[in-house]
Amino acid sequence: MAQHFASDNYAGICPEAFAAFAEANSDHAMAYGDDEWTRRVSDRMRAIFETDCDVYFVFNGTAANSLALASLCQSYHSVICHEAAHVMTDECGAPEFFSNGAKLLAAAGEFGRISPDEVTRLVERRSDIHYPKPRVVTLTQATELGTLYRPEQIAAISERARQYGLRVHMDGARFANAVASLAVKPADITWRAGVDVLCFGGTKMGLPVGEAVVFFDRRLSEDFAYRCKQAGQLASKMRFLAAPWLGMLEDGAWLRRAAHANAMAERLSRGLADLPGLRLIAPTEANGVFVDLPAEVAAGLRRRGWRFYDFIGSAARFMCAWDIEAETVDALLEDARSLCEA
Ligand SMILES: Cc1ncc(COP(=O)(O)O)c(C=O)c1O
């Protein structure tokens, strides 16, 4: 298989992450996170976020989101999320499972984004004992439709959340793409805008495996290590989860690679939008392109070997990974052009 657009998870390991992984593979080190690599990368995160946050490493995004949300909820609480949110559609009920029953409340919103008024609607719609008490708002950055929340949009949602006593969680599976695209400081779209907990995506950024759960309000991380352990998410050889992060974060590789992926998505987006009969269903703001594709064009692309996901209705999702090459983008565009003009 060459390069594809189905998922940014199709890509391999970023060289910077791989080098740090190999470097960590010498001598013995303390297990379960008591090692030098885990300490160094946690300190690096505190420097990047410009605050004294608590950092935990888990194997995947489902665990990161579910365990983070569970730490913000009691079983009778609810979590407001976009109706297309990964926690709602792609985590097999794990947020409900790990929180012992907290319910997800689906929010509507254009281009994958929740608005403050939608938070109000879902909180105020009921106040009786039969309704699971809203306790958290979760935002996905970048969203499941490849769009972004700007700092002031996050701050407005957080402010509304605070009015109702809700916490704010961010699913940052593509946080690197968001920071690179918005050209902001990581703090500006997290704790400075009112986010309490961030699930910082490592896998899509170019790590072999692993996500970080970053608690900006450290009171919320009490006992989080026990949650990780109980859920089978405490790596004994933690240095190998942590070290690749160091490779990505130390000299800014995470942002360079993410900026490249974003630029490739932009190239693809412009090219597809120019073709007759194609229409973007959301603006391209990070590394994903969402386009309404006539069935015969989609089928034709697949016949030519391209892989991409079907999305809502007749739309298709094209994700650009950290290593996607301009030539790959242009080859896809050329095939799409010939099919659209046929
Ligand atoms: C928005 C979002 N959140 C979280 C994840 C992480 O999921 P996984 O449990 O497969 O690592 C993904 C992966 O596709 C995602 O797109």
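In my numbering, the protein residues as written are 1423 to 1764. Ideal placement from N, C-alpha and C gives every residue a C-beta, glycine not left out.
query, result
"Would you check if there are 3 or more beta carbon pairs closer than 8 Å linking the stretch 1583 to 1593 to the stretch 1616 to 1625?", "yes"
"Select from F1646, D1550, L1544 the residue whose C-alpha is nearest the C-alpha of V1559.", "L1544"
"Give me, in chain order, the residues of the same chain whose beta-carbon lies closer than 7 Å to that of G1722; leave out the 5 immediate sequence neighbours on both sides.", "L1761"
"Establish whether the CB of L1671 and some CB of chain B are separated by less than 8 Å.", "Note that chain B does not occur in the displayed structure, where there is just one protein chain."
"Mind checking whether the beta-carbon of H1499 lies closer than 7 Å to any heavy atom of ligand 1?", "no"
"Does DSSP put V1509 in a helix, a strand or coil?", "helix"
"Quick check on DSSP: helix, strand or coil for P1517?", "helix"
"Verify whether the separation of the beta carbon atoms of G1710 and R1739 is less than 8 Å.", "yes"
"Would the C-beta of H1426 count as close to ligand 1, meaning under 7 Å from any of its heavy atoms?", "no"
"Runs of 4 residues minimum, wholly inside the stretch 1469 to 1510: which ones carry the alpha helix (DSSP H) assignment?", "1483 to 1492"
"Quick check on the DSSP output: what are the complete alpha helix (DSSP H) runs of length 4 or more inside the stretch 1574 to 1616, in order along the chain?", "1597 to 1604"
"Hey, would you say the C-beta of A1595 is under 7 Å away from at least one heavy atom of ligand 1?", "yes"
"Do F1520 and A1657 have their C-beta atoms closer together than 8 Å?", "no"
"For M1467, name the three-state secondary structure that DSSP assigns.", "helix"
"What span of residues does the beta strand (DSSP E) with V1631 cover, start to end?", "Careful: V1631 lies outside any beta strand (DSSP E) and carries neither H nor E."
"Are I1470 and P1666 touching if we call contact CB-CB under 8 Å?", "no"
"State buried or exposed for P1517, treating a residue as buried only when at least 16 other CB atoms are found within 10 Å of its CB.", "buried"
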